[in-house]
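Engineer: Supplied in structure tokens, the structure appears directly below.
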């Protein structure tokens, strides 16, 4: 059988790209290895298999989790598995699980920050959840023992909206008129780690709303501005911020504080999210 030279060339290109991609992935994972696991005086590393003797409910899912660092086959024992976050486990094992013999990251966010240093910076911003003050824990929102390294699902929120509304009950709903953004999740508008914006919003004031409500120019078939479409606040089927009233109102505050859309999460009385 004759192999077409073009196929051979394409195969080499594809194969080279795949190898390069794997190399990049391995490098990224390697840099995520813990540089200095928590230190417990007098204790030694025992390995994740030893932890599974008592904590099987955690280790069953942990086998494929990102935190298990399963890609790092040549990593030291201390930079992989349970002990990369909980510290050396020998004293904990010998004492039958006594308190104070192992590190509990729920009580110390610095354990998480040894890898997620960028998140520590976000928690230091003017508007953030009080993690540094010890009032909230990373584990309150993240399931650190789950996730999938292959699909890169990481240790994302257990369920974004359900996690947030455990504390933010008033925003839970259901509402008669629900804001479509809620289906995308709370993090489409908020950065839960912290931002410079009020209410931990990902963009300032009306700029946040305009990310969705002004995605295309209000132009007619001729390419000119369609005044009727602007006044109706719908352009080619997409709801936009109309010129009429909005310019004046936005000078008085944000979309949700200028006596207009005061219920951005949803409303039971008005489909324009007014209270």
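Numbering (the numbering used here), first residue to last: 54 to 328. Think of the CB as a built atom: it goes at the ideal place given N, C-alpha and C, for glycine as much as any other residue. In this text, all values refer to a predicted model and were calculated from it rather than measured experimentally.
#1: Just to confirm, are residue 104 and residue 138 a CB contact at a threshold of 8 Å?
#2: Looking at residue 197: is its Cβ nearer than 8 Å to the Cβ of residue 190?
#3: List the residues that DSSP assigns as beta-bridge partners of residue 180.
#4: Output the boundary residues of the alpha helix (DSSP H) element that contains residue 254.
#5: Who are residue 231's beta bridge partners in DSSP?
#6: Please report the straight-line C-alpha distance between residue 360 and residue 243, rounded to a whole angstrom.
#7: Helix, strand or coil for residue 221, going by three-state DSSP, please let me know.
#8: To the nearest angstrom, how far is it from the Cα of residue 264 to the Cα of residue 234?
#9: Does the beta-carbon distance from residue 176 to residue 321 come in below 8 Å?
#10: Tell me residue 243's beta-bridge partners as DSSP assigns them.
#11: Could you pull the start and end residues of the alpha helix (DSSP H) that residue 138 belongs to?
#12: Compare the C-alpha of residue 168 against each of 259, 120, 246, 312 and name the closest.
#13: Mapping the DSSP letters down to three states, classify residue 185 as helix, strand or coil.
#14: Measure the C-alpha to C-alpha separation of residue 159 and residue 236 and round it to an integer number of angstroms.
#15: Run through DSSP, which three-state label would residue 143 get?
#16: Expressed to the nearest angstrom, what Euclidean distance is found between the alpha-carbon atoms of residue 308 and residue 317?
#17: Evaluate residue 181 with the Cβ neighbour count: other Cβ atoms within 10 Å of its Cβ, from every protein chain shown; 16 or more gives buried, anything less gives exposed.
#18: Using only the alpha-carbon positions, how far apart do residue 310 and residue 219 sit?
#19: Under 8 Å Cβ to Cβ from residue 140, same chain only, skipping five residues before and after it: list those, please.
#20: Give the secondary structure of residue 116 by DSSP, where H, G and I count as helix, E and B as strand, and everything else as coil.
#21: Residue 157 lies in the alpha helix (DSSP H); which residues open and close that run?
#22: Which residue from 223, 261, 313, 226 puts its Cα closest to that of residue 241?
#23: In the structure shown, what three-state DSSP assignment does residue 97 receive?
#24: Residue 153 and residue 99: beta carbons closer than 8 Å?
#25: In terms of residues, what are the limits of the alpha helix (DSSP H) holding residue 308?
#26: Are there 16 or more other CB atoms within 10 angstroms of the CB of residue 179, so buried, or fewer, so exposed?
Structural biologist: Reading it off the structure:
#1: No, the pair does not count as a contact, with Cβ atoms beyond the cut-off.
#2: No; because the gap between Cβ atoms is not below 8 Å, this pair is not in contact.
#3: DSSP links residue 180 through a beta bridge to 248.
#4: No residue range can be given for residue 254, since it is assigned to no alpha helix (DSSP H) and is classified by DSSP as neither H nor E.
#5: Answer is 319.
#6: In the structure as shown, the chain starts at 54 and stops at 328, and residue 360 therefore has no counterpart that could be examined.
#7: Secondary structure of residue 221 (DSSP, three-state): coil.
#8: Approximately 11 Å between the Cα atoms of the pair.
#9: In this structure, residue 176 sits away from residue 321, with a CB-CB distance that is not shorter than 8 Å.
#10: Paired residue(s): 254.
#11: 136-139 is the extent of the alpha helix (DSSP H) around residue 138.
#12: Cα-wise, what sits closest to residue 168 is 120.
#13: In this structure, residue 185 counts as coil in the three-state DSSP scheme.
#14: Distance from the CA atom of residue 159 to the CA atom of residue 236, rounded to whole angstroms, is 29 Å.
#15: In the three-state reduction of the DSSP assignment, residue 143 falls in the helix class.
#16: Roughly 9 Å between the two C-alpha positions.
#17: By the neighbour-count rule (16 or more Cβ atoms within 10 Å), residue 181 is buried.
#18: Approximately 25 Å between the Cα atoms of the pair.
#19: Excluding five sequence positions before and after residue 140, the CB atoms of its chain that fall closer than 8 Å to its own CB belong to 90, 91, 92, 93, 96, 155, 156, given in chain order.
#20: The answer is coil: DSSP assigns residue 116 none of H, G, I, E or B.
#21: Run containing residue 157: none; DSSP gives neither H nor E here.
#22: Out of 223, 261, 313, 226, 261 has the C-alpha closest to the C-alpha of residue 241.
#23: Three-state DSSP puts residue 97 in coil, outside helix and strand.
#24: Cβ atoms of residue 153 and residue 99: not closer than 8 Å.
#25: Membership of residue 308 in any alpha helix (DSSP H) is not indicated, and neither H nor E is assigned to it by DSSP.
#26: Around the C-beta of residue 179, fewer than 16 other C-beta atoms lie within 10 Å, and the residue is accordingly described as exposed.
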